[in-house]
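See below for the structure under consideration.
Protein chains in written order, with this note's numbering: chain A, 1 to 430; chain B, 431 to 860; chain C, 861 to 1290; chain D, 1291 to 1720.
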């Protein structure tokens, strides 16, 4: 561990304060679960083995087109970001992997790997960026990237993705996530069919370069940055892509990329059924792609997504190993705190889903006993599993209350002293 | 023609009043289009050859779960309905085919065929009904039909569809439309995966019985009557169905069955691209499946859908012959008037789409000239094509102003005198 | 108590089975809450004093415009409905009052009062019905009621409301709820301004007849049964109504009557702030006015609504006593079970809201510590308060597990034997 | 006129090419309208007198939180912006006024006035900016401005608005538009009631300083930049503000700031009825606050808004003089072209609304003849009024086809040569 992470005695001292209460609560919950024929230890073990990747870009302060309000001690680059990610993992023991975004995080792969190794971190999926122009880029993505009408621009976008794969190979990643902003702002601006043909051809070029043990994730989104149409607008189109590309191609589900009122858990079930669920970008939203903290707006929806995942495990779906990643924008909180909290919320939903009595549920479904079927889910959901989460963290060396431990550690103040205040960023883009 | 349809001299007299103005307007529009290098006669000819089927159930007054307010002279059964449909076609010359709903329209096929022949009508797609229970039915569809957990109920639903095919064969239909209300009202009530497996298996049984020259259309819908999940919830699932079933299976797009803000024209483009667009249920909506008159709420959206259809023709897409049907609920208007108006609006969108300068559009798209690409569409859309529609009607023997002619004919008063007032229907279902 | 309600020994036997576990869970929760400086007994007491009215129409099986699938033992009239309501209250001890709908529940007020008294029930707000036509009615509400263009129709609608007040006075009600379906299906059909002027004038006529100790609740709804515009479409219009009428006029918030993505709890806060929150029609929804069981789709939203109510109590808002009513449609469950469950869920949200540490919350809000402010709410929300709810029921003579007790009682089978199967209702209204 | 605006002979030459066709089309339309008892000259006169203000910030290229792709010849400051605005007005003769945004456009008022005078431009409403931090600002708006928990921050925001009034007085503006981004991203972050109390108090401070002949416009918005709650979230809250402040306070309606499916024209009608419609920020949207070009997505909706405005004029509503402003973000087009096109679309909607036969409409509304009422609107809407718009422009010295004239002028190339490429702006704010 490097000097920037939390001192072990801080965590120990904080845990000390809470250990007795946790023991009581864990015991009481264990008793209750035992009455429901659930072994709390088994649940705690499974929770402890559940991990979610954090996004390197998530530890910086986010913003909107109206403004970005910087925070104290923002990371100056990928090495600072990795330090911040290490804190999250140290306290939660839930986030051992980091997902990089290129070119934002572009650095010498050996140095990246060494820094991560020193922090006990690994690398999750690589993310390419063809939704903004990097300085010095030959062709602009103003009018698209992989689906651009100009062949040279498409080629540049393909090559950028190939570079992401190369970097990823060097640092131990096993997947590439492709999200493009391609689309249109006016009816007529794009020919839907030709755009999609171009996109598919470009993706096929990337797919050809994918190592055998890699997966490629395409990500759909209803709108933004394009406001009339988006090339990969929904899971239907996303499925067509994964299907066209081949066995290593899968669909990524970002919880905030759907139309209002969409039943997301059903999309998850469909993709599992047809062998194309690649994984998730977790976050929460009330209106659009709000990128709020996971579970902060509609925690029951998050639970219902995990209910599908645990159901798939329960049914023994073959080759089922979705990638779990967080993708959020932290505009008004300390990003480290939001990521700690979000990792917990995601584990919470998983733990609750593990408590579902699937035999009973199956029986009620078979009998069309809607009320009791619903109650089986609600009963699992309303169980306060915090003692399980805390116990899993504590046993793995993390904090019983990671936010409290983080605040007690003074980490933010320490890095603020070292890292200069970043400039505000956008303004006047309305 | 039977005695109930409009007397030819009524139409002639009404046309007489409007012929001179039409001639002037048609001439002026022809001049303007000539300047845009468009031959108005060619457009009129294509419009005259465009037809849309009317739904038998559309000539009755619709309602909501709160109430149904009956209208004067409502049809007492399928023969009255066919009479009403004949009036619509006589005045518009745009609706020569009727789509039946079984068991609502179940009658001796020979009598159906004879009655329709006498009225100059044919039959479009057959519609099965497994979203409500018919009197005397063995198994209830309360908890589903083709996806029901009970095998006997699924079998009953399959057999009902087979019967629809049989009736259809006898009367000259060539397609079966399957829309089910199957779904759930509570998280947990249904297992998404198993429900869909059962649905697919049942559909495969129906598909096996489909005559070689028939098509089967599956219809997706986001919600209602089920309010948490629907088995065929969106075009993604619909595509999976059509793909699983085979070459005679296609997706039907009802314009009101989508999530808020959905780009429907893009879905149309995707289904065309992947060879699975079966056709449409036209209507308009502001909130949900409102089943309002086509073009009454968002006429530009209707145009954009037709823009995709004409674009597909223009690109010479193989095997492209979507079915055009209206599916509306007429709660506050005379249903005959609404269907006349809607057939006109649908032809209007088609005519406008024919005016799009596709060579110019292609160039602007290639150059990413979004403003001019948009303008090409808007220029076509804002052209007042009413003279073309009126001319097409007049030349085919219909009415220049079909609503005026209908009112002048006194048809509604005549049938009101013969047909008793129907009972209000639902009440207290809130 | 009448012979149709649950035998006391059934409840006792069922409670006997669960008493020990409840004692343990209640004790454990009490310990945990004590650590959070919360007295569980005080919470249980407040929960026990919280009541929500059930709607007479809710004990019948609901349906949609597509179909209604009847259930076993459906009530034949208001007296059967009251019997069913008594069961709900007997088991939950949370629903001592029933809300009537006229003319559906129109009967001799003395008999109504006597039957309710015998069952230990009282009467909550009266509901008028001008969204459907009653048999023999002079003027149809097809084109509106209180806002109709025809003065005689408006007068009829006003008089119907006056009659509701009269009946209500005779049976001890203290409020009138007015929901109208008035609106339009086509742009142009109604003049928004004139319609609203007529509505306000008619409501003023009703208001004049309101007894001094009554309140009148107007209810807004975005759409349905009207699909283009609704006269009382949102809380803004609803506020204008309450403000125009006077001090006894208040706004009713139905949780399912809002636009997608609406922040409902904020509307609740605004109405409280401006002294116009009348009360609630509780239910849950995913798409539109789905009328699903309270808390079944988005339980956190329900909690956030109650968080506003408890916050208002905490701040000591003057004259704050909102009416709590359930308004749901039970299409696939036993309505008695759904109402039992919903009453519990509503009390659950109330209990969770009582656990919010409002001093801490206030501090975090003042400091813009968004993460901790959010955590204060989540901490209260994720507490499993079921032991509190069960204890409150048990102490008041109800059931620890009211659904289990209800099923054990055989009530549904008993009334099914006495009450004939009701006819399906709507069909063919699509 | 300055050297940067379009040479008169360019416009003349372009008009020359199109004059004959315009004459023909205008004549033909005049004939058709005469048959409908409409005097085309009267309509053209009213259209020529209809103006809409352009936003200074609209002539720069917009962007999203993901990226901003700069365009050629972007304005370097307010004087360049005014030059660009002058071009729009020169070609359309529809946009003589510019709306400024402070501090973005902060300059010596005398120089501003002189530059505008030289260009023949005036100033519309002033816009304050408390949704982003200006360099050197004492207090950050990260957690709010007028509703901030900190009194000094609120005071700073109030003073900024007072400064906007001062600048506005010096340059001849008569209105202040206040839009704040205040809100929250997490349930619990803000106390809805206290936030709104603080907002109202701060607005009252601003209102006190408002000159007697000024108006203040508050603007509501559902979400963004805050993603859980917004202080002024909808027209209901906006009405409460205007009502609380006084007679000079009015509500501003931005067409893109509403919940999905909202009937915006009805909100317009309500605000007119209650004397609180201040004016508009015109744009179009498909998903959220997309800020697309007016009329590009749903032109019928824009028409229906203008139908309310013309109806209000027709009914002689007292004190009715709404402010018309454009507020758009031009991400993929030349902003000058988009603003030209949008001004035309807005005038188009106005012209179409002028063609509505209001006597006939009133009759159909009175008779509940929904179909014909709808048809009256559709008949006006589908009239191709482009000849009227072109004639109005030509008569006033503008261009028959302003986009073509603009392109022919080479203005963009000229300014591109003088103005350096602006830096991309935001990036990495996701």
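Note that beta-carbon positions come from the ideal geometry of N, C-alpha and C, so glycine has one too.
1. Using a Cβ-Cβ cut-off of less than 9 Å, list which residues of the stretch 171-196 of chain A approach chain D; keep chain order.
2. Using a threshold of 8 Å, state whether the C-beta atoms of residue 1589 of chain D and residue 1630 of chain D are closer than that.
3. If you measure beta-carbon to beta-carbon, which residues of the stretch 1585-1600 of chain D are closer than 7 Å to chain B?
4. Looking at C-beta atoms only, is the number of pairs between the stretch 868-883 of chain C and the stretch 523-542 of chain B that lie closer than 8 Å three or more?
5. Per DSSP, which residues does residue 1116 of chain C bridge with? Please list them.
6. Under 8 Å between beta-carbons, which chain D residues line up against residue 717 of chain B? List them in chain order, please.
7. Let's test the definition: count the other Cβ atoms within 10 Å of the Cβ of residue 1611 of chain D and tell me whether it reaches 16, buried, or not, exposed.
8. How is residue 680 of chain B classed by DSSP in three states: helix, strand or coil?
9. Can you pull the chain C neighbours of residue 338 of chain A, defined as C-beta to C-beta under 8 Å?
10. For residue 1377 of chain D, which of D:1346, D:1361 and D:1429 has the nearest alpha-carbon?
11. So the candidates are D:1651, D:1512, D:1477 and D:1464; which of them puts its Cα closest to the Cα of residue 332 of chain A?
12. Nearest to residue 1420 of chain D by CA position, among A:69, A:6, A:378 and A:190, is which residue?
13. Name the DSSP beta bridge partners of residue 1029 of chain C, please?
14. If we ignore side chains and look at the alpha-carbon of each, how far apart do residue 466 of chain A and residue 256 of chain A end up?
15. Give the single residue among B:814, B:511, B:777 and B:655 whose Cα lies nearest to the Cα of residue 573 of chain B.
16. So which residues on chain B does residue 998 of chain C lean against when the C-beta distance must stay under 9 Å?
17. With 8 Å as the threshold, decide whether the Cβ of residue 1246 of chain C is near any Cβ in chain A.
18. How big is the Cα-Cα spacing for residue 387 of chain A and residue 24 of chain A?
19. With contact counted as at least three CB pairs below 8 Å, one residue from each stretch, are the stretch 1553-1560 of chain D and the stretch 1571-1585 of chain D in contact?
20. I'd like to know whether the C-beta atoms of residue 1102 of chain C and residue 1136 of chain C end up nearer to each other than 8 Å.
21. Give the residues of chain A in contact with residue 1300 of chain D, contact being defined as C-beta atoms less than 8 Å apart.
22. Can you tell me whether residue 905 of chain C is buried or exposed? The criterion is at least 16 other CB atoms within 10 Å of its CB, across all chains shown.
23. How many angstroms separate the CA atom of residue 976 of chain C from the CA atom of residue 944 of chain C?
24. Closest to residue 501 of chain B by C-alpha separation, out of B:631, B:643 and B:488, would be which residue?
25. Quick one: is residue 65 of chain A near chain D, going by C-beta distance under 8 Å?
26. Can you list, in chain order, the residues of the stretch 27-59 of chain A whose Cβ is nearer than 9 Å to any Cβ on chain C?
27. Just mark residue 540 of chain B as buried or exposed, buried being the case when its beta carbon has 16 or more other beta carbons within 10 Å.
28. The beta strand (DSSP E) that contains residue 1611 of chain D, what's its start and end?
29. Does DSSP classify residue 1692 of chain D as helix, strand or coil?
30. Does any residue of chain D bring its CB to less than 8 Å from the CB of residue 342 of chain A?
31. Could you have a look at residue 1126 of chain C and say whether DSSP puts it in helix, strand or coil?
32. What's the C-alpha gap between residue 1484 of chain D and residue 1231 of chain C?
33. When DSSP labels each residue in this structure, what does residue 1293 of chain D get in the three-state scheme?
34. If the cut is a Cβ gap below 7 Å, which residues of chain C does residue 382 of chain A touch?
35. Determine whether the beta carbon atoms of residue 1062 of chain C and residue 1105 of chain C lie at a separation below 8 Å.
36. Applying the 10 Å Cβ sphere with the 16-neighbour rule, what's the burial state of residue 1154 of chain C?
Quick answer:
1. 181, 184, 185, 186, 187 and 189
2. If you number the fourth chain from 1, residue 1589 of chain D lands on position 299. If you number the fourth chain from 1, residue 1630 of chain D lands on position 340. Going by C-beta atoms, residue 1589 of chain D is not nearer than 8 Å to residue 1630 of chain D.
3. 1586, 1588, 1589 and 1590
4. no
5. Position 256 of the third chain, counting from 1, holds the residue named residue 1116 of chain C. Note: residue 1116 of chain C sits in no beta bridge, so no partner.
6. Here residue 717 of chain B refers to the residue found at position 287 of the second chain. By Cβ distance, chain D contributes 1551.
7. Here residue 1611 of chain D is taken as the residue at index 321 of the fourth chain, counted from 1. Flag for residue 1611 of chain D reads exposed.
8. By one-based count along the second chain, residue 680 of chain B stands at place 250. Strand at residue 680 of chain B.
9. To locate residue 338 of chain A, count along the first chain from 1; it is residue 338. 1231, listed in chain order.
10. Translated into positions along the fourth chain, residue 1377 of chain D becomes position 87. Selected option, being the one with the closest Cα: D:1346.
11. In the first chain, the residue the question calls residue 332 of chain A occupies position 332. Out of D:1651, D:1512, D:1477 and D:1464, D:1477 has the C-alpha closest to the C-alpha of residue 332 of chain A.
12. Taking the first residue of the fourth chain as 1, we reach residue 1420 of chain D at position 130. Ranking A:69, A:6, A:378 and A:190 by Cα distance to residue 1420 of chain D puts A:69 first.
13. Taking the third chain and counting its residues from 1, one reaches residue 1029 of chain C at position 169. Looking at the DSSP assignment, residue 1029 of chain C forms no beta bridge with any residue, so it has no partner.
14. Examination of residue 466 of chain A is not possible in this model, given that chain A is present from 1 through 430 alone.
15. In the second chain, residue 573 of chain B corresponds to position 143, counting from 1. Selected option, being the one with the closest Cα: B:655.
16. Against the third chain, residue 998 of chain C aligns to sequence position 138. The premise fails here: residue 998 of chain C is roughly 14 Å from chain B at the closest Cβ pair, so nothing lies under 9 Å.
17. In the third chain, counting from the first residue as 1, residue 1246 of chain C sits at position 386. Yes, because at least one Cβ of chain A sits closer than 8 Å to the Cβ of residue 1246 of chain C.
18. In the first chain, counting from the first residue as 1, residue 387 of chain A sits at position 387. In the first chain, counting from the first residue as 1, residue 24 of chain A sits at position 24. Taking the straight line joining both Cα atoms gives about 9 Å.
19. no
20. By one-based count along the third chain, residue 1102 of chain C stands at place 242. By one-based count along the third chain, residue 1136 of chain C stands at place 276. A contact, by the Cβ cut-off of 8 Å.
21. Within the fourth chain, residue 1300 of chain D is the residue found at index 10, counting from 1. Per Cβ cutoff of 8 Å: no residues; residue 1300 of chain D is ~26 Å from chain A at best.
22. For the purposes of this step, residue 905 of chain C is taken as residue 45 along the third chain, with counting starting at 1. Residue 905 of chain C should be labelled exposed.
23. Translated into positions along the third chain, residue 976 of chain C becomes position 116. Translated into positions along the third chain, residue 944 of chain C becomes position 84. Straight across, the Cα-Cα distance linking residue 976 of chain C with residue 944 of chain C is about 11 Å.
24. For the purposes of this step, residue 501 of chain B is identified with residue 71 of the second chain, where counting begins at 1. When each option's Cα is compared against that of residue 501 of chain B, the closest is B:488.
25. The count along the first chain starts at 1 and reaches residue 65 of chain A at position 65. Yes, residue 65 of chain A lies at the interface with chain D (some Cβ there is under 8 Å from its Cβ).
26. Per Cβ criterion, the list reads 27, 28, 29, 31, 32 and 35.
27. Counting from 1 along the second chain, the entry for residue 540 of chain B is found at position 110. Residue 540 of chain B comes out exposed.
28. The count along the fourth chain starts at 1 and reaches residue 1611 of chain D at position 321. Run containing residue 1611 of chain D: none; DSSP gives neither H nor E here.
29. Within the fourth chain, numbered from 1, the residue matching residue 1692 of chain D stands at position 402. Three-state result, residue 1692 of chain D: helix.
30. Locating residue 342 of chain A in the first chain gives position 342, where the first residue counts as 1. No, because no Cβ of chain D sits closer than 8 Å to the Cβ of residue 342 of chain A.
31. One-based indexing of the third chain puts residue 1126 of chain C at position 266. Helix.
32. Reading the fourth chain from its first residue, position 194 is the one you call residue 1484 of chain D. Reading the third chain from its first residue, position 371 is the one you call residue 1231 of chain C. Computed Cα separation, rounded: 19 Å.
33. Counted from its first residue, the fourth chain places residue 1293 of chain D at position 3. At residue 1293 of chain D, the pLDDT of 49 sits below 50, so the modelled position is not reliable; the number obtained from the coordinates is stated separately. It is coil, neither helix nor strand.
34. For the purposes of this step, residue 382 of chain A is taken as residue 382 along the first chain, with counting starting at 1. 1244 and 1246, listed in chain order.
35. One-based indexing of the third chain puts residue 1062 of chain C at position 202. One-based indexing of the third chain puts residue 1105 of chain C at position 245. No, the pair does not count as a contact, with Cβ atoms beyond the cut-off.
36. The count along the third chain starts at 1 and reaches residue 1154 of chain C at position 294. Result: buried.
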